[in-house]
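Take a look at the structure below.
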Amino acid sequence: MSANGALGTRQKALALNLDGTTYGTLAEIGGGQEVARWFFAAGGAAGTVAKTVSAYDMAVSDAHYGPTKRYVSRQRLEAMLDHEFAQVRDLLAPGRGDAKRFFAFADTVATGGHKNPGPGHGWVGVRFQARLHEEPSEVIVHAHLLDLAPAGQQEALGVLGVNLIHAAFFLRDDPADLTAALIDDLSRERVEVDMIKLSGPAFAGVDNRLQALQLVEQGLTDAAMFTAGGEVVQASEVLYKRPALVKRCTFRPFTKLTADLLDRAREQFLDVPGVRGGRPVVLAEMTLRSLDSQPDVGHGDFLARADILGALGFDVLISRFEPFHELAEYLARSTDAPVGIAVELPALQQFLDEGSHPALPGGVLEAVGRLFKRSVTVYAYPTRDPATGGIQTAGDSPVSPPWHHLRELLLDLGRVVPIRDYDESLLSISTHDVLARLQRGDPSWEEMVPAAVAATIKTGHLFGWRPDRTSS
């Protein structure tokens, strides 16, 4: 039994072996046969394991699963699951289909080695019948194996694989518990799971965007991503070698000011060497802190924001990041292309405030060094001074001495760029004000958001909007 009360890895493997109805194949590439080993070590594997296979040679792998350009990829994992599940079902269903729920487990992994020491990563999945004769369902995950020693990575992979198979069969009715169980007998220091996708009849009605949120909420990863179309992805699938422009906000709701900020920042980002002529990814980042700071906000509210951002064409990043340098370091894991961070001026002012970096021994200087050591540019949208009504920009806003010298240096280096050609009429818009007007029935909120956003809010009755509520 694990410290958290969950079954241990050996107990899970034994439970599957003794179940009597689960029967299938385990195909493993890149990390040994660590998952299969648990089933044999637990005892009774003959009732569960129809076949194990490890096709290490590329020619052998291609003969089984077809040619590929990338052997450690979602596409390779899907090809493995296609082949292995079809084979086990087609061969065994005529004789055992009335008593067995068939499954195929697969992983394709790059672990560290004596030539390339360091963390590994890979794709892991199981395709399975939740009930006899039912069409298959599927769980696939992407994981980083963080042990420095290859043997530790292989051990962690074995535990992860057993957790995945056991959770698919025994925890499928509670996706949140299924997700949490992935790192039983492990720790976040050993394994990071940054993508999970559930599909098939066992998961009818599951919204995988919520599974992405669960990964971050439960601490299995620092960030998870899904596309504008709602497809959960691993970051490199979207970001690999592509420039990225990111806007962090609550997006509750998305306003005309935010739209103008992103449009103007994107125009200027497209002039950066390495971006010009390319297809930058525009990411809307929602932090866990911004979600947790609103006690009245539940998963439905999160999905409402995701729906709006998707309708506007933005991919979504959910993160635990607070300092911007953590965001930049995360993006650098997936792309070496330029990164732009679009902010409103108060966020830049806070960044240059010495009191904003208590966790960094080097304070502001360390924060600046860690953020800008890569090809990162911050695009700052102006604000209106509530006291004077005047407009403040990145170049003339108040910054406490001596940090105004640092601000000037960043401006001179082009690392901080004032946003030009902004719409001055939008500077008085604030998300909090728009939401307050919306919730009290003041129709003026509609003038402060794009028409498509207003229509989506009213159609879905989002953020507390009600058609029968009017201002007095």
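Under our numbering, the first residue of the sequence shown is numbered 853, with each subsequent residue one higher. For every residue, glycine included, the Cβ atom is placed at its ideal position computed from N, Cα and C. For clarity, every value in this text was computed on a predicted model and none was experimentally measured.
Inset, instruction - Could you tell me whether the region 996–1007 touches the region 1032–1046, where touching means 3 or more Cβ pairs closer than 8 angstroms? - result: Output reads yes: the region 1032–1046 touches the region 996–1007.
Inset, instruction - Report all residues from its chain with a CB closer than 7 angstroms to the CB of M1325; omit the five preceding and five following residues, and keep chain order. - result: Because the chain here runs from 853 to 1324, residue 1325 falls outside it and cannot be looked at.
Inset, instruction - Could you tell me the distance, in whole angstroms, from the CA atom of S1324 to the CA atom of G1082? - result: At S1324 the pLDDT is 48, less than 50, meaning the model places this residue with poor confidence; the figure from the coordinates comes in the next sentence. Answer to the nearest angstrom: the Cα atoms are 39 angstroms apart.
Inset, instruction - Pick out the complete alpha helix (DSSP H) segments inside the region 1080–1133, 4 residues or longer, and give them in chain order. - result: Within the region 1080–1133, the complete alpha helix (DSSP H) segments of 4 residues or longer fall at 1087–1091, 1108–1121, listed in chain order.
Inset, instruction - Quick one: grab the DSSP three-state call for S1324. - result: Interpretation of S1324 is limited by its pLDDT of 48, a score under 50 that renders its predicted location unreliable; the figure taken from the coordinates is listed afterwards. Coil at S1324, not helix or strand.
Inset, instruction - Report the three-state DSSP secondary structure of W1255 (helix, strand or coil). - result: Of the three classes helix, strand and coil, the one that applies to W1255 here is helix, per DSSP.
Legend entry - Close Cβ partners of D871 (< 7 angstroms) along its chain, the five nearest in sequence each way excluded: If we look at D871 and ignore the five residues flanking it on each side, it has no Cβ neighbours.
Inset, instruction - Could you tell me whether the region 955–964 touches the region 921–928, where touching means 3 or more Cβ pairs closer than 8 angstroms? - result: Taking a cut-off of 8 angstroms for Cβ pairs, the region 955–964 and the region 921–928 touch, as three or more such pairs fall below it.
Inset, instruction - Going by DSSP, name the residue or residues bridged to S989. - result: Beta bridge pairing from DSSP links S989 with F980.
Legend entry - Short Cβ contact (7 angstroms threshold) for I1267 with F1315: Inspection of the sequence shows that residue 1267 is occupied by Arg rather than by Ile. In terms of Cβ geometry, R1267 and F1315 do not form a close pair [threshold 7 angstroms].
Legend entry - Candidates R1259, D1275, H985: closest to D1205 by CA position: Considering only R1259, D1275, H985, the residue with the shortest C-alpha distance to D1205 is R1259.
Inset, instruction - Work out the CA separation of P1198 and A1304 for me, nearest whole Å. - result: Approximately 27 angstroms, taken between the alpha carbons.
Inset, instruction - Going by CA-CA distance only, name the one from A1194, V1168, Y1092, F1022 that's closest to L859. - result: Closest option to L859, Cα to Cα, is F1022.
Inset, instruction - Out of A1033, L1261, I1160, state which residue places its alpha-carbon closest to the alpha-carbon of T1311. - result: Nearest neighbour of T1311 by Cα position, chosen from A1033, L1261, I1160, turns out to be I1160.
Inset, instruction - List the DSSP bridge partners of G1071. - result: Its beta-bridge partners do not exist; DSSP assigns none.
Legend entry - Residues near R1131 in its chain [Cβ-Cβ closer than 7 angstroms; skip 5 each side]: R1094.
Inset, instruction - Tell me whether the beta-carbon of L878 lies closer than 7 angstroms to the beta-carbon of F957. - result: At a Cβ-Cβ threshold of 7 angstroms, L878 and F957 count as neighbours.
Inset, instruction - Measure the C-alpha to C-alpha separation of A1246 and H1313 and round it to an integer number of angstroms. - result: A straight-line Cα-Cα distance of about 37 angstroms links A1246 and H1313.
Legend entry - Among E1174, P1190, G1165, the one whose alpha carbon lies nearest that of P1125: Here the closest residue by C-alpha is P1190.
Legend entry - Helix, strand or coil at G1192 [DSSP, three-state]: Under the three-state reduction of DSSP output, G1192 falls in the strand class.
Legend entry - Residues sharing a beta bridge with W975, DSSP: Paired residues: T960, H994.
Inset, instruction - Would you kindly check if the distance between the Cβ of A1008 and the Cβ of L1038 is under 7 angstroms? - result: The Cβ atoms of L1038 and A1008 lie closer than 7 angstroms to each other.
Legend entry - Distance, P1175 Cα to R1141 Cα: Spanning the alpha carbons of R1141 and P1175 requires a straight line of approximately 12 angstroms.
Inset, instruction - Return the chain-ordered ranges of every beta strand (DSSP E) run that is complete within the region 1232–1281 and spans a minimum of 3 residues. - result: For the region 1232–1281, the full-length beta strand (DSSP E) segments reaching 3 residues or more read 1268–1270 along the chain.
Inset, instruction - Give the C-beta separation of R862 and A894 to the nearest angstrom, bearing in mind that I take them to be a contact with Cβ-Cβ under 8 angstroms. - result: That pair is a contact at about 5 angstroms.
Legend entry - Cβ neighbour criterion (16 or more within 10 Å) applied to R1100: Result: buried.
Legend entry - Presumed contact (8 angstroms Cβ cut-off) between T1229 and V1195, rounded CB distance: With a Cβ gap of about 11 angstroms, T1229 and V1195 do not count as contacting.
Inset, instruction - Express the C-alpha separation of A902 and L1016 in angstroms, rounding to a whole number. - result: Answer to the nearest angstrom: the Cα atoms are 18 angstroms apart.
Legend entry - Residues that Y875 bridges to, as DSSP identifies them: DSSP lists F954 as partners of Y875.
Legend entry - Supposed close pair R1116, V1134 - CB separation, criterion 8 angstroms: A Cβ-Cβ separation of about 13 angstroms leaves R1116 out of contact with V1134 under the 8 angstroms criterion.
Legend entry - Counted within 10 angstroms of its Cβ, other Cβ atoms place M932 as buried (16 or more) or exposed: The residue in question, M932, is buried, as its Cβ has 16 or more Cβ neighbours within 10 Å.
Inset, instruction - On a CA-only basis, which of H996, L997, G1010, G1057 is nearest R1024? Give me that one, please. - result: Per the Cα distances, G1057.
Inset, instruction - Following the continuous alpha helix (DSSP H) through K1310, name the residue where it begins and the one where it ends. - result: Following the DSSP letters along the chain, one finds K1310 inside the alpha helix (DSSP H) bounded by residues 1303–1312.
Legend entry - Cα-Cα separation, L868 to D1153: Linking L868 to D1153 through their CA atoms gives a straight-line distance of about 38 angstroms.
Inset, instruction - Could you tell me how far apart the beta carbons of G1013 and V976 are, in whole angstroms, since I believe they sit closer than 8 angstroms? - result: About 6 angstroms; that satisfies the 8 angstroms criterion.
Inset, instruction - Could you check what DSSP says for T1187 in three-state terms: helix, strand or coil? - result: If DSSP states are grouped into helix, strand and coil, T1187 belongs with coil.
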